[in-house]
Amino acid sequence: MMKNKILTTISLLLFGITIYAQQENQSCGTSVPSEMWENEFQKLISEYKTNPKSQKQSSTVYTIPIIFHVIHSGQPIGNFPNISQGQINSQITVLNQDFSGNGFNSSNYPSNAFVNWVITQSLPSANTDSNGRVKIADVGIQFCLATKDTNGNLLPEPGINRINYLSLNLPNPSSYSTQATMKSYLDNILKPQTIWDVTKYLNVWITDKNSALNYTGVSSVPPLSGLLGVPNNSTDTTDGIWCFAKVIGSNNLFPTGIYGSPLVEGRTLTHEVGHYLGLRHIWGDGSCATDYCDDTPPAASENTGVPSSYPLNVGSCSSPSNSPDGEMFMNFMDYPHDPYKYMFTADQATRMQTAMLNSPYRNQLGTHGLCSAPLGLNNLNLNDNISIYPNPAKTELNINVSQNDINELSISNLFGQVLIISQNQNRIDISNLTNGIYILAITQGQNKYTKKFIKE
Ligand SMILES: [Zn+2]
Numbered sequence: 000m001m002k003n004k005i006l007t008t009i010s011l012l013l014f015g016i017t018i019y020a021q022q023e024n025q026s027c028g029t030s031v032p033s034e035m036w037e038n039e040f041q042k043l044i045s046e047y048k049t050n051p052k053s054q055k056q057s058s059t060v061y062t063i064p065i066i067f068h069v070i071h072s073g074q075p076i077g078n079f080p081n082i083s084q085g086q087i088n089s090q091i092t093v094l095n096q097d098f099s100g101n102g103f104n105s106s107n108y109p110s111n112a113f114v115n116w117v118i119t120q121s122l123p124s125a126n127t128d129s130n131g132r133v134k135i136a137d138v139g140i141q142f143c144l145a146t147k148d149t150n151g152n153l154l155p156e157p158g159i160n161r162i163n164y165l166s167l168n169l170p171n172p173s174s175y176s177t178q179a180t181m182k183s184y185l186d187n188i189l190k191p192q193t194i195w196d197v198t199k200y201l202n203v204w205i206t207d208k209n210s211a212l213n214y215t216g217v218s219s220v221p222p223l224s225g226l227l228g229v230p231n232n233s234t235d236t237t238d239g240i241w242c243f244a245k246v247i248g249s250n251n252l253f254p255t256g257i258y259g260s261p262l263v264e265g266r267t268l269t270h271e272v273g274h275y276l277g278l279r280h281i282w283g284d285g286s287c288a289t290d291y292c293d294d295t296p297p298a299a300s301e302n303t304g305v306p307s308s309y310p311l312n313v314g315s316c317s318s319p320s321n322s323p324d325g326e327m328f329m330n331f332m333d334y335p336h337d338p339y340k341y342m343f344t345a346d347q348a349t350r351m352q353t354a355m356l357n358s359p360y361r362n363q364l365g366t367h368g369l370c371s372a373p374l375g376l377n378n379l380n381l382n383d384n385i386s387i388y389p390n391p392a393k394t395e396l397n398i399n400v401s402q403n404d405i406n407e408l409s410i411s412n413l414f415g416q417v418l419i420i421s422q423n424q425n426r427i428d429i430s431n432l433t434n435g436i437y438i439l440a441i442t443q444g445q446n447k448y449t450k451k452f453i454k455e
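Heads up: the sequence shown runs through residues 0 to 455, numbered per numbering that gives the first Met the number 0.
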């Protein structure tokens, strides 16, 4: 790996900074949890494994509501970094597939993956599959777009809180070029001013970033009772995840999104949510260091880019030896490009379930009724090129399409009753509507698109 790093450095020197700016390699800024934190977490994991009540709860499927704070400076929706609902929807799909063990390319898992490691480590059957491999885990944790804001009002765009940083007089997030300054900006400025209740929502901030900033995501680790004050632990004004806007969503599922090649399959957020739920990097953030999971073989360091075939880096660690199966480069907690990683293990799932059961900022997530899908949501985003503004609106709603291209506009309430119809217009008078949430249907030739809006 050191050789790769030297080669990368040489290429940077030869080809200049432009190449570096165009290619986003995954690297994350999540702090390594303290020893004190890990000791406490290990106690909770032991309790979780031995307590019959916890055993029963291991089958619990949690659903975590996410609010994406999309930070922009006035770009229309769908223009970077004010990314579209469709792109964000595709990210939720990626998370749900990845955390249930059915992620993109998981069928590429080699037929003999880590079968020797299973034997030498005497891994229990809970960690293995019917082929004797280390199992690709169903973590038992799913995700939804939050449907309501902190006041209980339905969100016009599920899971999305769009924030123009200029209107809050906040600095431009892309002016911070180092991990330290970016972290300070996030924890001291952006997050405290925009965060939603951390016991109800997983807060994810999406921004542009400085091209010299060499990481694309950062997460807090789950705070544990009694350890709320230790350094690097998150607080109720900082807990959550930050990601570069171009690594959110899936090019596969939503091709018209805006992505930063090669991190185009939404795996950066999968990785950061792993940290958010207590996972460490697969190489233990040291040479052959532990990630406290018995079913992940040790690794000499991170694997980046396009890994060569399995087995990879055989014998890179000797105590214990990872020969002949090598390193688990396809684990989400390693760094290869998005298409080449597709698994969490059962021991990683146990850590995440332990965090959900015990962390005071995690253990209430999913219990506030923020995930139910209101009427009309399914076809909200048939066309992300069509947008309506302002939203919320007081007197008039505008559509960003020429009036010659619109046959009919109709507004209905959430019960489906049509209240207003207009023809051949790209604006509609809503001054007579009572305050609340409505659905605007836009008919264009054979196509009908629906958008939700708030009248205030
Ligand atoms: Zn990481």
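Every residue, glycine too, gets a C-beta built ideally from N, C-alpha and C. No experiment lies behind these values; they were computed from the predicted model shown.
Taking 6 Å as the limit between beta carbons, can you name the residues of its chain near GLY365, skipping five residues before and five after?
Reading the sequence shown from its first residue, position 366 is the one you call residue 365. These residues qualify, in order along the chain: TYR61, THR62, ILE63.
VAL220 - partner residues in DSSP beta bridges:
Here residue 220 corresponds to residue number 221 of the sequence shown, with the count starting at 1. Paired residues: none, contrary to the question.
One or two residues paired with GLN141 in a DSSP bridge
By 1-based counting over the sequence shown, the position of residue 141 is 142. Note: GLN141 sits in a beta bridge opposite THR62.
To the nearest angstrom, how far is the alpha carbon of TYR456 from that of ASP186?
Residue 456 is absent from the model: the chain starts at 0 and stops at 455.
Using the Cα positions of LEU169 and LEU154, report the straight-line distance between them to the nearest angstrom.
If you number the sequence shown from 1, residue 169 lands on position 170. If you number the sequence shown from 1, residue 154 lands on position 155. About 23 Å.
Looking at ligand 1, does it come within less than 7 Å of CYS242, judged from the CB to the closest heavy atom?
Residue mapping note: residue 242 aligns to position 243 of the sequence shown, counting from 1. Outside the cutoff, so no.
Residue of ALA345, GLY304, ARG350, MET327 minimising C-alpha distance to ASP337
For the purposes of this step, residue 337 is taken as residue 338 along the sequence shown, with counting starting at 1. The candidate whose alpha carbon is nearest that of ASP337 is GLY304.
Looking at ILE205 and HIS486, is the spacing between their C-beta atoms short of 8 Å?
Nothing about residue 486 can be read from this structure; the chain reaches only from 0 to 455.
Which value, in whole angstroms, describes the spacing of the CA atoms of GLU301 and ILE162?
Here residue 301 refers to the residue found at position 302 when the sequence shown is read from its first residue. Here residue 162 refers to the residue found at position 163 when the sequence shown is read from its first residue. Their backbone Cα atoms lie some 35 Å apart in a straight line.
Would you mind stating whether LEU122 and ASP293 have Cβ atoms separated by less than 8 Å?
Position 123 of the sequence shown, counting from 1, holds the residue named residue 122. Position 294 of the sequence shown, counting from 1, holds the residue named residue 293. Yes, these two residues count as a Cβ contact at 8 Å.
Cross-strand partners of TYR334 (DSSP beta bridge)
In the sequence shown, counting from the first residue as 1, residue 334 sits at position 335. Partner(s): THR303.
Opening and closing residue of the alpha helix (DSSP H) in which THR146 lies:
Counted from its first residue, the sequence shown places residue 146 at position 147. It is not in any alpha helix (DSSP H) - THR146 carries neither H nor E in the DSSP assignment.
What first and last residue would you give for the alpha helix (DSSP H) that runs through ASP97?
Within the sequence shown, the letter at position 98 stands for residue 97. That run of the alpha helix (DSSP H) goes 84–98.
Taking all protein chains shown into account, decide if GLN422 is buried (16 or more other Cβ within 10 angstroms of its Cβ) or exposed.
By one-based count along the sequence shown, residue 422 stands at place 423. Counting Cβ neighbours within 10 Å, GLN422 comes out exposed, since fewer than 16 surround it.
With DSSP run on the structure shown, which of helix, strand or coil describes TYR437?
Numbered from its first residue, the sequence shown carries residue 437 at position 438. Of the three classes helix, strand and coil, the one that applies to TYR437 here is strand, per DSSP.
When you compare the CB positions of SER72 and PRO221, do they come within less than 8 Å of one another, or not?
Stepping through the sequence shown from its first residue, residue 72 is reached at position 73. Stepping through the sequence shown from its first residue, residue 221 is reached at position 222. No, these two residues do not count as a Cβ contact at 8 Å.
Under the criterion of a Cβ to heavy atom distance below 7 Å, does HIS270 qualify as lining ligand 1?
Mapped onto the sequence shown, residue 270 falls at position 271. Yes, since a heavy atom of ligand 1 falls inside the 7 Å radius drawn around the Cβ of HIS270.
Determine the closest residue to THR442 out of GLU455, SER409, ILE419, ILE429, with distance taken between C-alpha atoms.
Within the sequence shown, the letter at position 443 stands for residue 442. Nearest C-alpha to THR442: SER409.
Backbone secondary structure at ASN81 - three-state DSSP
Mapped onto the sequence shown, residue 81 falls at position 82. Strand, per DSSP.
Go ahead and label SER249 buried or exposed: buried means 16 or more other beta carbons lie within 10 angstroms of its beta carbon, across all protein chains shown.
In the sequence shown, counting from the first residue as 1, residue 249 sits at position 250. SER249 is buried by the Cβ-count criterion.
Best match in TYR164, LEU278, PRO254 for proximity to VAL217 [C-alpha to C-alpha]
Here residue 217 is taken as the residue at index 218 of the sequence shown, counted from 1. For VAL217, the nearest C-alpha among the options comes from LEU278.
I'd like the list of long-range same chain contacts for TYR339, defined as Cβ closer than 6 Å, with 5 residues on each side in sequence excluded.
For the purposes of this step, residue 339 is identified with residue 340 of the sequence shown, where counting begins at 1. Same-chain partners within the cutoff: PRO306.
Which of helix, strand or coil does DSSP assign to GLY273?
On the sequence shown, residue 273 is found 274 positions in, with the first residue counted as 1. If DSSP states are grouped into helix, strand and coil, GLY273 belongs with the helices.
Which word fits LYS42, buried or exposed, when buried means at least 16 other C-beta atoms lie within 10 angstroms of its C-beta?
Walking along the sequence shown from the start, residue 42 turns up at place 43. With fewer than 16 other Cβ atoms within 10 Å, it is exposed.
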